[in-house]
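K.L.:
Chains as they are written, first to last, in this note's numbering: chain A, 351 to 532; chain B, 94 to 481.
Note that the Cβ used here is the ideal one computed from N, Cα and C, for glycine as well.
Before I ask anything, let me first share the structure, which is written out below as structure tokens.
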Amino acid sequence: MPGLAKTIKGLWSLIVGLGVTGVEFFRPQLTVHYPRKEVDNLATYRGHIDLVARDDDPLTPRCIVCRKCVAACPSGCIAIESRLVGAEPGGDARELSLAPGLIVTGSHAAPPPRQKIRREVAAFHLNYNLCSLCGLCVQTCPVQSLAFSREAYLCGSSRADFEFELLERLRRRAPAGGQRAA
Amino acid sequence: MGFNWLSEPRGDYYTRHFVPTPEAEGDRLILNLGPQHPSTHGVLRVVVEMDGEYIMKAEPVLGYIHRMQEKMGEVKTWRQYLPNMGRVDYLHALAWNWAYVGAVEKLAGIEVPPRAEYIRVITCELNRISSHLLWWGAYLLDLGAFTPILYAFADRERIMDILQMVTGSRLTYCYYRFGGVSADLGEGFIQATRDFLKQFKTRIPMFHDLVTGNMILRGRCEQIGVLPLEMARRYGATGPVLRGSGLAYDTRRAEPYSVYPSLDFQVPVGVNGDAMDRYDVRLAEMTQSIAIIEQALEAMPDGPHINPDVHERLKPPAGEVYYAVEGGRGKIGVHLISDGGPRPYRVKLRSPSFCNLQLFAELAQGTLLADAVSILGSLDLVIPEIDR
């Protein structure tokens with residue numbers, strides 16, 4: 351008799367399980383059929399990093415070329431090329447301050463006015479092949495010049511397709527005919 | 094006179110361990126489960142010697158996805174090593190995150206704001222539920238039930254959506270930082286978590302109706318792979334594998350860390366130590382995790398989510414430290430040695446799956462091949478964590 355009771359209980363368990371599936375069968379479908387529909391969580395998606403433009407100039411990134419992101423990156427994805435701006439074409443302002451003994455100036459001559467020299471991004475390379483999206487660069491940036499893009503649909507057929515030049519991307523993103531603010 | 098392939102000294106190092114004795118020759122079959130096998134999630138290889146349908150000897154072969162995670166710690170700075178932690182155990186990545194940042198915080202004496210502690214509890218427990226859900230679906234898939242994994246994934250997707258809101262990733266999270274977490278929880282996250290928990294509470298009884306009572310599942314789990322407590326201890330098993338054998342050892346209670354002492358939860362244990370007990374323990378743990386998250390959401394104070402005083406180029410003082418947390422598969426331990434420099438001198442990772450796998454050789458002896466698959470699944474192994 352206990353054997354029979356066990357069998358009946360076992361069969362009942364199968365019916366209960368089928369009941370669950372049966373109810374679920376008439377519920378709305380949960381699967382999102384991708385090309386026709388999109389999932390609703392793309393707003394919080396974190397793609398590769400992108401440069402953020404200055405508030406007053408959509409063509410120039412906020413980046414001050416401190417290279418903290420380069421040092422923070424665990425995988426060496428980032429490489430920045432920079433150039434000095436603000437120096438006069440001859441570049442004499444720098445030489446003066448570096449080698450004052452070589453310059454003969456009259457005792458009454460005023461020192462040349464200090465020039466404001468700053469570094470500017472010439473190119474910002476990102477090798478997305480190596481990136482693990484940890485976000486350490488974004489967190490480290492002192493001027494919030496880096497942000498995650500929302501590129502969920504990224505595809506390519508070679509490694510070169512994932513080597514980005516972020517400055518170019520920033521310029522392409524800028525509103526059409528974006529001019530340097532006066 | 095046919096060609097006797099069994100006496101041929103072929104195969105690799107591992108299969109040559111299995112050359113049958115002369116008297117058994119002819120009856121024995123040497124079989125490779127894996128490295129690529131549907132019942133081993135990842136590239137684990139188990140060499141088994143079969144006599145008919147029975148396993149006489151089994152030997153797990155490791156190392157197919159060894160990535161030198163420990164060695165990598167020595168060439169990266171303390172902070173650069175953070176993303177590695179999400180890749181050791183990809184299913185409960187936040188527990189590994191926690192073990193590493195916890196160890197560094199202990200070594201460098203970094204204070205963690207209370208809000209950050211609660212955020213860690215909430216996100217880590219959500220991650221634990223998603224880890225157990227995947228195990229539940231995949232285990233039943235191993236046993237031949239296809240539907241449960243679809244139910245498990247429906248809920249797991251919701252957890253991943255919630256965690257994506259703050260971490261930005263869906264699987265290999267890199268969210269915890271020294272002295273806190275990288276982003277604060279917004280109102281959207283809290284509301285979404287509350288909604289999820291409310292709905293998920295009704296799903297667990299449904300899971301039980303769907304399969305737990307099922308006579309086929311019971312036939313494949315009850316009295317299969319009975320693990321005596323003494324043997325579990327001998328192999329250093331932890332987590333649901335150990336608790337299934339009846340010992341209420343949970344790192345959250347045994348070596349309390351963070352705010353767990355102030356939270357009220359039970360440590361579920363099994364009685365017989367069979368595959369069914371390990372199944373029950375994991376399902377009960379999901380219920381406990383719900384309770385923990387609810388309490389943590391209530392108790393979470395306002396304030397900063399990260400300690401702003403942690404230096405970017407952190408150099409903890411020379412010394413060593415061990416920090417352990419409870420992961421989905423057991424005790425996760427990180428042992429760090431610092432020489433006061435910008436990089437760790439040595440990183441040792443104690444992964445629970447490694448110990449839990451070693452049981453298998455002894456547990457599988459004398460069982461049917463089909464039962465061995467059930468035993469292997471019930472251990473909830475994550476192969477990248479075994480190899481590291």
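1) For cysteine 487 of chain A versus cysteine 423 of chain A, is the C-beta spacing smaller than 7 angstroms?
2) What residues from the stretch 470 to 503 of chain A come within 7 angstroms of chain B, judged by C-beta to C-beta, listed N to C?
3) Can you tell me which of the three DSSP states glycine 179 of chain B falls into?
4) Is alanine 245 of chain B buried or exposed, if buried means 16 or more other CB atoms sit within 10 Å of its CB?
5) For valine 360 of chain B versus aspartate 343 of chain B, is the C-beta distance shorter than 7 angstroms?
6) Once you ignore the five residues that flank threonine 170 of chain B on each side, which residues in its own chain have a CB closer than 6 angstroms to its CB?
7) Using a C-beta cutoff of 7 angstroms, does glycine 367 of chain A count as contacting chain B?
8) Can you give the Cα-Cα distance for aspartate 302 of chain B and proline 378 of chain A, rounded to whole angstroms?
9) Per DSSP, which residues does asparagine 125 of chain B bridge with? Please list them.
10) Apart from the five residues just before and just after lysine 424 of chain B, which ones in its own chain have a Cβ nearer than 6 angstroms to its Cβ?
11) Closest to tyrosine 193 of chain B by CA distance: which of B:Tyr269, B:Tyr438, B:Val466 and B:Pro409 is it?
12) Taking arginine 433 of chain A as the reference, which of A:Phe474, A:Ala393 and A:Val373 has the closest Cα?
13) Please indicate yes or no: does the CB of aspartate 235 of chain B lie closer than 6 angstroms to some heavy atom of the ligand FMN?
14) Considering only the beta carbon of each residue, do valine 493 of chain A and arginine 386 of chain A sit closer than 7 angstroms?
15) Are the C-beta atoms of leucine 354 of chain A and some chain B residue less than 7 angstroms apart?
16) Mapping the DSSP letters down to three states, classify phenylalanine 300 of chain B as helix, strand or coil.
17) Please report whether the beta-carbon of glycine 506 of chain A lies at a distance below 7 angstroms from any beta-carbon of chain B.
18) Please classify tyrosine 353 of chain B: does DSSP put it in a helix, a strand, or coil?
19) For aspartate 407 of chain A, which residues does DSSP report across the bridge?
20) From the beta carbon of leucine 303 of chain B, is the nearest beta carbon of chain A less than 7 angstroms away?
21) With a 10 Å radius around its C-beta and 16 neighbouring C-beta atoms as the bar for buried, classify glutamate 218 of chain B as buried or exposed.
22) What's the C-alpha gap between lysine 418 of chain A and threonine 490 of chain A?
23) Nearest to arginine 172 of chain B by alpha carbon, out of B:Thr305, B:Leu407, B:Leu124 and B:Gly281?
24) Nearest chain A C-beta to glutamine 162 of chain B closer than 7 angstroms, yes or no?
25) Taking C-alpha atoms, which residue in B:Arg481, B:Asp473 and B:Glu478 lies nearest to histidine 225 of chain B?
26) May I ask which residues mark the beginning and end of the beta strand (DSSP E) holding proline 153 of chain B?
27) Tell me whether the stretch 508 to 521 of chain A and the stretch 394 to 410 of chain A touch, counting them as touching only if at least three CB pairs, one residue from each stretch, are closer than 8 angstroms.
28) So the candidates are B:Ile203, B:Asp182, B:Glu152 and B:Leu429; which of them puts its Cα closest to the Cα of isoleucine 399 of chain B?
29) Around the Cβ of glutamine 257 of chain B, are there at least 16 other Cβ atoms within 10 angstroms (buried) or fewer (exposed)?
30) Where does histidine 383 of chain A fall in DSSP's three states?
31) Select from the stretch 236 to 248 of chain B all residues with a C-beta closer than 7 angstroms to any C-beta belonging to chain A, and list them in chain order.
32) Buried or exposed: lysine 356 of chain A, going by 16 or more other Cβ atoms within 10 Å of its Cβ?
33) Let me confirm a value: tryptophan 362 of chain A is counted as buried when at least 16 other C-beta atoms fall within 10 Å, else exposed. Which label applies?
34) Buried or exposed, going by whether 16 or more other CB atoms sit within 10 Å of the CB of threonine 286 of chain B?
35) Could you compute how far the alpha carbon of leucine 429 of chain A sits from the alpha carbon of glutamate 455 of chain B?
36) Let me know the secondary structure DSSP gives serine 262 of chain B once reduced to three states.
P.N.:
Reading from the atomic positions:
1) yes
2) Ser482, Leu483, Cys484, Gly485, Leu486, Gln489, Thr490 and Phe498
3) coil
4) buried
5) yes
6) Pro435 and Arg436
7) yes
8) 21 angstroms
9) B:Val140
10) Thr331, Thr344, Ala417 and Pro445
11) B:Tyr269
12) A:Phe474
13) The model depicted lacks the ligand FMN and carries no ligand whatsoever.
14) no
15) no
16) helix
17) no
18) helix
19) A:Arg404
20) yes
21) buried
22) 7 angstroms
23) B:Leu407
24) no
25) B:Asp473
26) 147 to 154
27) yes
28) B:Ile203
29) buried
30) coil
31) Thr240 and Ala247
32) exposed
33) exposed
34) buried
35) What sits at residue 429 of chain A in the sequence shown is alanine, not leucine. Roughly 53 angstroms separates the two Cα atoms.
36) coil
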